[in-house]
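Start counting the sequence shown at 671; every next residue gets the next number (the working numbering).
Yeah, the Cβ is synthetic: ideal placement off N, Cα and C, and Gly gets one too.
Here the structure is a predicted model, which means the values were calculated and not measured.
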Amino acid sequence: MADEESTKQFDHEILREAVYSSEDSDLIHDEIGHITSHRHPAGKPRAAGSRGRIIKICLPSQELRDSLLTHMRSGRQSLTERFVHSYARRDYTVEELQLDRSLRKQAGDLNALKGEYVADTLPTMESKETRRAKMIKLDINEILIKHERSML
């Protein structure tokens, strides 16, 4: 597991490489002192092999943000080549975050009502309670069928 200081150093190197490889003079000019980054959640390193924490990058203007995002999306730099599942996106606005949370809660509530859960593009997954209830129902039906046959 990497410590917080080595993580900060690596993040600084990643950001510096992204800025300088963009060849954007405004980004390069503002790189020292005006472009900052931190991990979210702060101060909570994760164990080796677990999902990494988000790197939040703060830029002085929306134009610089858009320029850096465009460059980062155009291709991987050498320091990030091995992180194939990582990607760059702008942060949600407060309204977008509230909408995302409310939609997730609504979906969770609907899933709980149905007793079914959906994982991405996989088929609908039933909860353990639903599967157990179906198995009990099947067992009872088999017993009833056997009982009816024995009565004939």
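Taking the alpha carbon of L739 as the reference point, which residue from G713, D779 and S691 has its own alpha carbon closest? When only C-alpha atoms are compared, the closest one is S691.
message: Suppose contacts are defined by Cβ-Cβ distances below 8 Å. Is L685 in contact with I727 by that definition?
response: Yes.
Which partner residues of R709 appear in the DSSP bridge assignment? R709 pairs with I725.
Where does I705 land, buried or exposed, given buried means 16+ other C-beta within 10 angstroms? Buried, by the Cβ-count rule.
query = With DSSP run on the structure shown, which of helix, strand or coil describes K678?
reply = Here K678 sits in helix by DSSP.
Between the CA atoms of K775 and L769 - distance to the nearest angstrom
Using only the alpha carbons, I get a separation of about 10 Å.
What does the Cβ neighbour count give for V689, buried or exposed, with the cut at 16 atoms within 10 Å? V689 counts as buried, since at least 16 other C-beta atoms from the protein chains shown sit within 10 angstroms of its C-beta.
Item checked: Residues near H741 in its chain [Cβ-Cβ closer than 6 Å; skip 5 each side] -> Once the five neighbours on either side are set aside, the close Cβ partners of H741 are S692.
>> To the nearest angstrom, how far is the alpha carbon of D700 from that of D694?
In response: Whole-angstrom Cα-Cα distance: 10 Å.
Closer than 7 Å by C-beta to A758: which residues in its own chain qualify, once you throw out the five before and the five after it? Chain order, please.
-> Same-chain partners within the cutoff: L739, M742 and R743.
- Taking all protein chains shown into account, decide if V773 is buried (16 or more other Cβ within 10 angstroms of its Cβ) or exposed. Reading the sequence as shown, one finds Leu at residue 773 and not Val. Exposed, because fewer than 16 other Cβ atoms sit within 10 Å of the Cβ of L773.
Open item on the list: Can you find the residues in the same chain that come closer than 7 Å, C-beta to C-beta, to L734, ignoring five residues on each side of it along the sequence?
Closed with: If we look at L734 and ignore the five residues flanking it on each side, its Cβ neighbours are D696, L697 and D700.
Measuring only the C-alpha atoms, how far is I725 from R760?
Between I725 and R760, the C-alpha separation is close to 11 Å.
Going by beta-carbon coordinates alone, are E687 and S737 separated by less than 8 Å? For the 8 Å CB-CB criterion, E687 and S737 do not form a contact.
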